[in-house]
Amino acid sequence: MHVVVLPSWYPKSQQDVDGIFFRIQAQGLQKSSKINKVSVIAPMFRHLRAQPKTLLSGPYGLRKYQENQMDIYVYDGMYLFPRSPFVDLNRVLWVRAGMKAFEAYIKENGKPDLIHAHVVNYAGILACKIFKKYGIPYIITEHSSTYARDLIRDDQWPAMREAAKHASGLYAVSRDFADLLNQKYPGTQWSYLPNILGKHFTQPFEFPEKSESDFTFCSVSHLRHLKGHDLLLPAFAKALQKYPDLKLKIGGAGPEGENLKNLAKQLGITESVSFLGALKTDEVLNLMRQSDAFVLASRTETFGVVYIEALSQGLPVIATKCGGPQSIVRPENGFLIPTENIDALADALIQMYEQRDRFSPQKLRQDCLTEFSEEAIINQLIGKFEQILA
1 MHVVVLPSWY PKSQQDVDGI FFRIQAQGLQ KSSKINKVSV IAPMFRHLRA
51 QPKTLLSGPY GLRKYQENQM DIYVYDGMYL FPRSPFVDLN RVLWVRAGMK
101 AFEAYIKENG KPDLIHAHVV NYAGILACKI FKKYGIPYII TEHSSTYARD
151 LIRDDQWPAM REAAKHASGL YAVSRDFADL LNQKYPGTQW SYLPNILGKH
201 FTQPFEFPEK SESDFTFCSV SHLRHLKGHD LLLPAFAKAL QKYPDLKLKI
251 GGAGPEGENL KNLAKQLGIT ESVSFLGALK TDEVLNLMRQ SDAFVLASRT
301 ETFGVVYIEA LSQGLPVIAT KCGGPQSIVR PENGFLIPTE NIDALADALI
351 QMYEQRDRFS PQKLRQDCLT EFSEEAIINQ LIGKFEQILA
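This is how it looks when you write it as structure tokens:
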């Protein structure tokens with residue numbers, strides 16, 4: 001079986017985490033004995049406003065490289081104009097570049113048996129265009145939060161609905177998200193297929209001995225409004241009033257970083273809260289293994305891979321009912337609370353501390369690996385591929 005993966009965005013380096021879920025899944029497919037070849041085709045566009053110095057220096061056009069023996073075909077370009085409210089020019093450029101890269105790919109490698117597109121807008125639309133020209137079936141997995149945030153314009157919908165209509169399989173990364181997409185795309189059927197737990201989080205480790213007197217919450221994410229740290233800090237301040245020895249460590253960087261540090265000062269909790277900045281994977285692992293529970297009060301999540309990362313390290317989690325976490329968090333591994341509710345969040349922090357002995361780190365980890373391991377997810381995906389090609 002020859003499979004091409006079309007991601008709507010893709011990591012630009014080994015350190016880049018933007019689109020890392022697409023890379024992890026493609027590499028998982030590559031390991032299967034049922035698949036002969038997996039390749040990635042990824043248009044990568046820069047914005048002139050963000051990177052004006054690269055207007056003349058580039059890169060532009062097609063380039064190829066290998067990543068763990070997997071062929072990656074990239075088509076570099078630049079978005080020159082501001083976004084139009086009437087037509088998605090960026091999408092036109094992206095899909096055109098993707099088609100050029102695909103046609104260069106099949107000249108050298110032959111046609112794939114199947115295409116797996118990640119995100120309808122833009123990769124799903126490219127997959128649909130390829131299907132209409134070459135008859136290659138495709139499936140789409142949707143990851144984008146633009147649906148829940150109501151950010152899709154009227155002019156974008158026709159091509160997106162056309163792409164969904166012709167797909168041989170439609171997947172969403174959480175059950176709630178699948179329900180939402182069934183509403184957004186009338187006449188289609190979306191199924192649940194979660195993201196894969198990254199390999200670094202599946203590696204064996206010894207659970208450290210933890211102090212009975214100390215209790216540390218950790219939180220890891222990009223520091224932006226959607227992640228809800230402006231709700232977590234006042235909730236944590238409330239929990240501190242009852243249990244003054246609690247600690248909170250926040251990993252990540254982003255546009256809200258300084259605002260959050262100022263908020264911690266205003267709340268008088270700076271001695272109990274640590275801002276750790278951007279963390280590498282090994283630093284995230286160390287933080288989680290040294291902590292007692294994980295908390296993230298997101299306003300919206302299509303999945304929330306950081307929750308399964310925390311569970312894999314034996315941490316119970318506190319999450320909000322914001323979409324993705326409802327497919328991950330249940331009473332046996334943590335607490336689900338309403339979004340935008342500081343009091344409920346404070347109560348969950350207190351309950352987590354008071355019920356710390358309720359959760360077995362070993363069981364949390366094993367249950368997580370059983371449900372979200374590479375083997376579990378890839379087997380589901382290959383089963384679908386085989387049905388389509390039968």
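Start counting the sequence shown at 1; every next residue gets the next number (full-length UniProt numbering). Cβ atoms here follow ideal geometry from the backbone N, Cα and C, with glycine treated the same way. Keep in mind that this is a model prediction, so the values were computed, not measured.
Taking C-beta to C-beta, are residue i and residue j nearer than 8 Å?
i: S327; j: D176; result: yes
i: R91; j: I130; result: no
i: A237; j: L267; result: yes
i: L296; j: V306; result: yes
i: G324; j: T302; result: yes
i: R365; j: L287; result: no
i: A127; j: I140; result: yes
i: F385; j: M99; result: no
i: G254; j: I388; result: no
i: L336; j: A239; result: no
i: Q15; j: N68; result: no
i: F217; j: S291; result: yes
i: L93; j: V3; result: no
i: H200; j: V173; result: no
i: L89; j: Q380; result: no
i: I269; j: L233; result: yes
i: S32; j: I378; result: yes
i: H225; j: E258; result: no
Compare the C-alpha of residue i against each of the options and name the closest.
i: Q25; options: M70, A50 and Y60; result: M70
i: V95; options: I41, F294, S144 and S84; result: I41
i: V120; options: K249, K107, D282 and Y138; result: Y138
i: S84; options: L263, Q156, P194 and Q27; result: Q156
i: E206; options: G187, R224, E283 and R289; result: R289
i: E271; options: T216, G304, K247 and D76; result: K247
i: T320; options: D357, P338 and H143; result: P338
i: T300; options: F22, R149 and A101; result: R149
i: N109; options: K64, A97, L89 and F86; result: K64
i: E212; options: D357, P11, L193 and Y134; result: D357
i: K280; options: P208, G252, G304 and E256; result: G252
i: K132; options: C322, N259, H166 and K249; result: H166
i: I72; options: G135, P331, Q313 and R23; result: R23
i: A235; options: K210, T202 and D347; result: D347
i: I250; options: P361, E103, P204 and F294; result: F294
i: P82; options: I318, R46 and E332; result: R46
i: S360; options: G304, L62 and Q313; result: Q313
i: P204; options: I35, S13, G383 and Q362; result: Q362
i: Y171; options: E103, T188 and L80; result: T188
i: S219; options: I318, P208 and M160; result: I318
i: D282; options: T202, A101, P59 and S13; result: T202
i: N195; options: G304, Q51 and K210; result: G304
i: L80; options: L62, A104 and A50; result: A50
i: P186; options: K210, P208 and R161; result: R161
i: Q62; options: P331, I35 and A104; result: The amino acid occupying residue 62 in the given sequence is Leu; Gln does not appear at that position. Residue A104 is the option with its Cα nearest to L62.
Sorted by chain position, which residues of the same chain lie with C-beta nearer than 7 Å to residue i's C-beta, five sequence neighbours on each side aside?
i: L55; result: L48 and M78
i: I308; result: L197, I328, C368 and F372
i: T146; result: I152
i: K227; result: S221, L296 and S298
i: R231; result: Rather than Arg, the amino acid found at residue 231 in this sequence is Leu. A297, E340, I342 and L345.
i: K184; result: Y147
i: Y353; result: F215, Y243 and L246
i: Y134; result: K111
i: A278; result: G252 and A253
i: C322; result: S298, R299, T300, E301 and T339
i: F102; result: I41 and I130
i: A97; result: P43, Y75 and G77
Who are residue i's beta bridge partners in DSSP?
i: L226; result: L226 is not bridged to any residue.
i: S191; result: Y171
i: F45; result: G77
i: V317; result: F294 and G334
i: M70; result: E67
i: T216; result: K247
i: T370; result: Its beta-bridge partners do not exist; DSSP assigns none.
i: V17; result: None, per the DSSP bridge assignment.
i: L180; result: Beta-bridge pairing links L180 to no other residue.
i: residue 400; result: Since the displayed the chain opens at 1 and closes at 390, residue 400 lies outside it and no answer follows.
i: Y138; result: I115
Leaving out five residues on either side along the sequence, give the residues of the same chain with a beta carbon under 6 Å from the beta carbon of residue i.
i: A163; result: V120, G124, I125 and C128
i: A117; result: L6, A123, G124, A127, Y138 and I140
i: M44; result: V74 and D76
i: I20; result: P11
Taking 8 Å as the limit between beta carbons, can you name the residues of its chain near residue i, skipping five residues before and five after?
i: Q30; result: V38, N68, Q69 and M70
i: F86; result: D155
i: Q66; result: I72
i: S191; result: G169, L170, Y171, A172 and A178
Practice task
Report yes or no: do the segment 173 to 191 and the segment 257 to 267 share at least 3 C-beta pairs separated by less than 8 Å?
Solution key: When Cβ pairs closer than 8 Å are counted between the two stretches, the segment 173 to 191 is seen not to touch the segment 257 to 267, the count staying below three.
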